[in-house]
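Visitor:
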Amino acid sequence: DQNNSCWSEERALAPVLDAMPPPHRILEIGPGFGRSAVFFSKRRFPKATFDLFDGTGHGTKYELLGNRYEDSFCGNLPLLESNLRFNGVSNFRIVDAQQTGGRISGRGETYDLIYSFYAVGFHWSIDHWLDEVLAVAHDSTLCIFLVPSHYTPSPRVAALPHEIVHSSPPMQPWNMVHFLLFTPKPQPWFPA
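Under this note's numbering, the residues of the sequence shown are numbered -16 to 175, in order.
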């Protein structure tokens, strides 16, 4: 199931990932056990550095496209690190969200690619995270968020160059997934 999700994401996003300049710094928000980071670091971005933003916890407060809670964590950071190392991934840094008050702290750094599958965009509204995401993005950062099928961009997101991409997993063609892609400024390689 996890591999099926990775291949589905890759297939849906390939046209834009192929067109964009290769990312050097990547931020994943809510990596879970690291399946996407393992896949992308081996398949797409072996030279990139991944920052994985999550927190260990069991107290999740999820609302589909809902509010954001700074004390809502469902990750397991020791298991995330173990899974990455087991899969031969060494180009990562885990950012403990509990140490930052649940806020993305860029420390003056920016990312070339920022993504979140099943966290920001799906469980939490993108608008609750947009200022933090844009604060660690540069003009050509590609931002990718998995969103529910009924997602409609807010006026702030709609004002950005954006596109919604649809795909279905190869093994489950009835299970459509939807991705919101945007960049802070128009880019020649971005189709929107």
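C-beta: ideal position from N, C-alpha, C; glycine also. Every value quoted in this text rests on a predicted model; they were computed, and no experiment measured them.
Would you mind stating whether Ala102 and Phe36 have Cβ atoms separated by less than 7 Å?
Guide: Translated into the one-based positions of the sequence shown, residue 102 becomes position 119. Translated into the one-based positions of the sequence shown, residue 36 becomes position 53. No, these two residues do not count as a Cβ contact at 7 Å.
Visitor: Express the C-alpha separation of Asp95 and Asp(-16) in angstroms, rounding to a whole number.
Guide: Here residue -16 is taken as the residue at index 1 of the sequence shown, counted from 1. Here residue 95 is taken as the residue at index 112 of the sequence shown, counted from 1. Only weak support is given to the placement of Asp(-16): the predicted model assigns it a pLDDT of 47, under 50, and the value that follows is read from those uncertain coordinates. The alpha-carbon atoms of Asp(-16) and Asp95 are separated by roughly 28 Å.
Visitor: Measuring only the C-alpha atoms, how far is Val72 from Pro61?
Guide: To locate residue 72, count along the sequence shown from 1; it is residue 89. To locate residue 61, count along the sequence shown from 1; it is residue 78. Straight-line Cα distance between these residues: approximately 14 Å.
Visitor: Return the residue from the list Ile77, Gly91, Ser108 and Gly38 that minimises the CA-CA distance to Leu163.
Guide: Residue 163 sits at position 180 when you count from the first residue of the sequence shown. Leu163 has its Cα closest to that of Ser108, out of Ile77, Gly91, Ser108 and Gly38.
Visitor: Using the C-alpha atoms, what's the distance from Glu146 back to Pro174?
Guide: Locating residue 174 in the sequence shown gives position 191, where the first residue counts as 1. Locating residue 146 in the sequence shown gives position 163, where the first residue counts as 1. Rounded to the nearest angstrom, the two C-alpha atoms are 8 Å apart.
Visitor: Using a Cβ-Cβ cutoff of less than 6 Å, which residues in the same chain neighbour His121 once the five nearest sequence positions on both sides are dropped?
Guide: As a position in the sequence shown, residue 121 is number 138, starting the count at 1. Counting only Cβ-Cβ distances below 6 Å, and skipping sequence neighbours, we find Thr93.
Visitor: Does the distance from the C-beta atom of Ile9 to that of Ala31 stay below 7 Å?
Guide: Locating residue 9 in the sequence shown gives position 26, counting from the first residue. Locating residue 31 in the sequence shown gives position 48, counting from the first residue. Yes, Cβ-Cβ distance for Ile9 and Ala31 is below 7 Å.
Visitor: Once DSSP output is grouped into helix, strand and coil, what is the label at His111?
Guide: If you number the sequence shown from 1, residue 111 lands on position 128. Note: His111 maps to helix in three-state DSSP.
Visitor: Can you grab the Cα-Cα spacing for the pair Asn74 / Pro131, in whole Å?
Guide: Here residue 74 is taken as the residue at index 91 of the sequence shown, counted from 1. Here residue 131 is taken as the residue at index 148 of the sequence shown, counted from 1. Distance between the alpha carbons of Asn74 and Pro131 is about 31 Å.
Visitor: If you compare alpha carbons, which of Gln170, His149 and Gly38 is closest to Glu(-7)?
Guide: Numbered from its first residue, the sequence shown carries residue -7 at position 10. Comparing Cα positions, the closest option is His149.
Visitor: Taking just the CA atoms, how far does Trp(-10) sit from Gln5?
Guide: Translated into the one-based positions of the sequence shown, residue 5 becomes position 22. Translated into the one-based positions of the sequence shown, residue -10 becomes position 7. One detail in the question is off: residue 5 reads as Pro in this sequence, not Gln. C-alpha separation (whole angstroms): 19 Å.
Visitor: Could you pull the start and end residues of the beta strand (DSSP E) that Arg76 belongs to?
Guide: For this step, residue 76 is matched to residue 93 along the sequence shown. First-last of the beta strand (DSSP E) with Arg76: Phe75 to Asp79.
Visitor: In this structure, how does DSSP classify Arg90 when only helix, strand and coil are distinguished?
Guide: Stepping through the sequence shown from its first residue, residue 90 is reached at position 107. The answer is coil: DSSP assigns Arg90 none of H, G, I, E or B.
Visitor: Per DSSP, which one or two residues make a beta bridge with Leu96?
Guide: Residue mapping note: residue 96 aligns to position 113 of the sequence shown, counting from 1. Answer by DSSP bridge pairing, in chain order: Ile9 and Leu125.
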